[in-house]
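Enquirer: The working numbering puts the sequence shown at residues 97 to 258.
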Amino acid sequence: MNRSQGIRKPQHSTSRSSDRRLASGSKAASYLHSTIETSNIIKNNVKPATSTTTSSSDWNPKHFRLFVGNLGEDANDDLLHNAFEKYKSMSKVHVPFDKKSNKNKGYGFVAFANADDYLQAFKEMNGKYIGQHPVQLKRAESSVTNSNKNKKNKNRNNNNRR
């Protein structure tokens, strides 16, 4: 045998393979980012959320926030809330929707008042299925500032310029 060819393991793929096995295999990245036809998937009996805007002033800046990525088309605020409701200090959830298409943007946010719940949720829920897709959790990177402090600082700056 020619050494340059190497040894290749046979790849087995059947229709009976579980989604989790496919997601954890060698093609995990391509599987997670591919589109799944919803005709073969049983959807949850969750009503689509209405498009509400949540500004950064609605979030408590002292709370710990998780970014929830890779949400499926079925995801909304209620589905995300139900997935994280076992954590007692969960204070807020939000799944943003596109105004034109009225579809979710594929990600959401969850806030926790307690750091222990935040860390526990990250450990337990990362990679778990919420709706149709396994989610990818990260620390939310944007900082939430108190809007009242910003208004006071702007007013002070404007008064100093006069």
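Quick reminder that beta carbons are idealized off the backbone N, C-alpha and C, glycines included. Fair warning: this is a prediction, and the values are worked out from it, not measured in the lab.
For residue 180, collect the residues of the same chain with a Cβ closer than 8 Å to its Cβ; drop the 5 residues on either side in sequence, then sort them by chain order.
Expert: 186, 189, 206, 217, 221, listed in sequence order.
Enquirer: Three-state secondary structure (DSSP) at residue 177?
Expert: Residue 177: helix per DSSP, three-state reduction.
Enquirer: Express the C-alpha separation of residue 195 and residue 233 in angstroms, rounding to a whole number.
Expert: Rounded to whole angstroms, residue 233 to residue 195 spans 24 Å at the Cα level.
Enquirer: Taking DSSP as the reference, what is the three-state secondary structure of residue 122?
Expert: A caution first: residue 122 carries a pLDDT of 48, below 50, which makes its placement in the model too unreliable to give a value.
Enquirer: Need the endpoints of the beta strand (DSSP E) that residue 203 sits in, please.
Expert: First-last of the beta strand (DSSP E) with residue 203: 203–208.
Enquirer: So the alpha helix (DSSP H) residue 216 belongs to, where does it begin and stop?
Expert: 211–221 is the span of the alpha helix (DSSP H), which, as asked, contains residue 216.
Enquirer: Taking the straight line between their C-alpha atoms, what separation do you get for residue 191 and residue 231?
Expert: Computed Cα separation, rounded: 13 Å.
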